[in-house]
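Take a look at the structure below.
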Amino acid sequence: MRLQAVKDALTAACSITAIVVLSDYAKGVLHPAICQETIRLAKQAGVPVLVDPKGRDYTKYRGATALTPNRRETSEACGGINDINALLDAADQLRRDLALDFLAVTRSEEGISLIEDGQRLHIPAMAKQVFDVSGAGDTVIATLAAGMVAGLNHYDALHLANVAAGVVVGKVGTVAISSDELLAELATEEVREQADKVCDLDRLLVRVARWKTAGQSIVFTNGCFDLLHSGHVTYLEQARKLGHKLIVGLNTDRSVSALKGPSRPVIHEADRARVLAALESVDAVVLFDEDTPLNLITRIKPDFLVKGSDYTEDQVVGGAEMKAWGGR
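In case it helps, my numbering puts the sequence shown at residues 710 to 1037.
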């Protein structure tokens, strides 16, 4: 009788709600039958279902839109795997088995790993200092839900959730984040991102995902840029005009030496990166240690790949791969 009463309440609720959040504390309310009925009713009404799971058996969440387990919970559900790469592989299989749209593994001070069909993206943590991770998971799923209800895609909503969690873990105890705190942190982050154009690949991919979901086209070029001159500046300005964002892949010192000999580079990689980042035409600089930028190109999947006029199309590294996703 009680189960039927809950089902009746769920039926009424799903007809008037924009999103459903199942926050499982393993206290008995989220019985498998309740979970499955909630997910069924929500899907019938076209309403997404987000789950903060508990326990080792996640089959009761099958068909939900997304799960947001922490690293320990993910490990428990995947048989006790500790190695992070193996764990994320297992989590991807779990996502497929449960027919989820995406799975977001919260990793405390390490950020959030987003896993979805054909893509794995790590969103680094935004916290300056970590005092207490209590409530971080609640903050993530609550902010993710609020963002999706407000019309954000799940990339941007997860980014927002990551920023919110970064504020919360910087406080002692389980606390809520206010809208003013979140807005202030977002403003600070925007300034920081503009100033910090030089970034590693993980952080760059987060930005690229946001740019792409905002409909912005990505231009990629690469080089040593050892002795930057006006010709380089003009070249980069022209490349930037092809799209909305220009990413420069910059050879590390080791890579430059391998290509040009032991006397090069003249300018250290950190200084070369900083000078490039100072150019208005450049939106991001990412270092690569390989002899070619092929790995960067296949991970970023730019819309435009640009090289100087002294290269023919068949000489451009990544040119053939670009055609696979419709790039030019």
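Don't be surprised by glycine CBs; every beta carbon is placed ideally from N, CA and C.
Nearest-angstrom Cβ-Cβ length linking residue i and residue j, presumed shorter than 8 Å
i	j	result
Lys-769	Cys-744	4 Å
Ile-850	Val-730	6 Å
Ile-832	His-868	6 Å
Asn-871	Ile-821	5 Å
Val-1026	Pro-1002	6 Å
Ala-813	Thr-852	Contact doesn't hold; Cβ gap of about 11 Å is too wide.
Met-1031	Leu-1005	Not quite, the Cβ-Cβ distance comes to about 12 Å (not below 8 Å), so this is no contact.
Thr-922	Tyr-864	5 Å
Lys-1010	Gly-1036	7 Å
Spatially closest choice to residue i from the options, by CA coordinates
i	options	result
Ala-795	Lys-969, Ala-775, Thr-774 and Arg-829	Arg-829
Ala-873	Ala-885, Asp-911 and Tyr-864	Ala-885
Ala-742	Leu-719, Thr-726 and Leu-776	Leu-719
Ala-754	His-740, Cys-723 and Arg-765	Cys-723
Asp-761	Arg-780, Arg-749, Glu-746 and Thr-726	Arg-780
Gln-713	His-740, Trp-1034, Gly-789 and Asp-1012	His-740
Trp-1034	Gly-1017, Val-1025, Lys-1016 and Arg-1008	Arg-1008
Asp-733	Glu-782, Ala-986, Glu-818 and Leu-895	Glu-782
Thr-774	Glu-785, Lys-752 and Asn-791	Lys-752
Gly-737	Arg-711, Ile-976, Asp-909 and Asp-717	Arg-711
Asp-717	Ala-735, Thr-726, Thr-747 and Ala-727	Thr-747
Lys-969	Asn-862, Gly-940, Ala-799 and Gly-932	Gly-932
Asp-826	Lys-950, Val-876, His-977 and Ala-800	Ala-800
Trp-920	Ala-813, Asn-862, Asp-935 and Arg-749	Asn-862
Ile-976	Ile-728, Ala-786, Thr-922 and Phe-934	Phe-934
Gly-846	Tyr-864, Gly-860 and Glu-818	Glu-818
Ala-986	Val-965, Glu-946 and Cys-787	Glu-946
Ala-1012	Ala-918, His-938 and Val-984	The amino acid at residue 1012 is misidentified as Ala; the sequence shows Asp. Minimum Cα distance to Asp-1012 is reached at Ala-918.
Val-965	Arg-983, Ser-784 and Leu-936	Leu-936
Arg-765	Val-984, Gly-772 and Ile-790	Ile-790
Val-877	Asp-980, Thr-848, Thr-943 and Thr-922	Thr-848
Ile-728	Val-756, Glu-785, Asn-1004 and Arg-749	Val-756
Ala-735	Tyr-767, Leu-914, Tyr-864 and Ala-896	Tyr-767
Ser-784	Asp-798, Arg-771 and Gly-772	Asp-798
Val-942	Thr-726, Gly-1017, Thr-897 and Gln-802	Gly-1017
Leu-1038	Val-715, Gly-875 and Leu-750	Outside the displayed span of the chain (710 to 1037) sits residue 1038, for which this structure offers no information.
Gly-772	Ala-786, Lys-906 and Asp-810	Asp-810
Val-915	Ala-866, Asp-980, Thr-726 and Glu-978	Ala-866
First through last residue of the alpha helix (DSSP H) which encompasses residue i
i	result
His-941	939-949
Gln-828	It is not in any alpha helix (DSSP H) - Gln-828 instead sits in the beta strand (DSSP E) that spans 828-832.
Leu-812	Careful: Leu-812 lies outside any alpha helix (DSSP H), inside the beta strand (DSSP E) at 811-815.
Leu-1005	1003-1009
Gly-1028	1028-1031
Contact with chain D by residue i, beta-carbon distance below 8 Å
i	result
Asn-1004	Considering every chain present, this structure includes no chain D. It has just one protein chain.
Boundaries of the beta strand (DSSP E) in which residue i is found, first to last residue
i	result
Ser-822	821-825
Lys-969	Unbroken run through Lys-969 is the alpha helix (DSSP H), 962-969; no beta strand (DSSP E).
Ala-993	993-997
Leu-853	Element bounds for Leu-853: not the beta strand (DSSP E) but the alpha helix (DSSP H), 845-858.
Leu-662	No answer is possible for residue 662: it lies beyond the span of the chain, which begins at 710 and ends at 1037.
Val-681	No statement about residue 681 is possible, as the shown extent of the chain runs from 710 to 1037 and does not include it.
Does the segment 949-959 come into contact with the segment 989-999, if we say contact requires no fewer than three beta-carbon pairs (one atom in each stretch) closer than 8 Å? yes
Which runs of the beta strand (DSSP E), 3 residues or longer, sit entirely within the segment 713-771? 729-732 and 758-761
Three or more C-beta pairs under 8 Å: does that hold for the segment 926-933 against the segment 886-896? no
Would you be able to state if there are at least three C-beta pairs under 8 Å between the segment 847-856 and the segment 791-810? no
Unbroken alpha helix (DSSP H) runs of length 4 or more, entirely within the segment 863-937: which are they? 863-877, 888-904 and 910-922
Evaluate contact between the segment 996-1009 and the segment 957-971, counting only Cβ atoms and requiring at least three cross-stretch pairs below 8 Å. yes
Give, in chain order, every unbroken run of the alpha helix (DSSP H) that is at least 4 residues long and sits entirely within the segment 766-803. 780-786
Should the segment 908-925 be regarded as contacting the segment 942-951, the criterion being three or more beta carbon pairs within less than 8 Å? no
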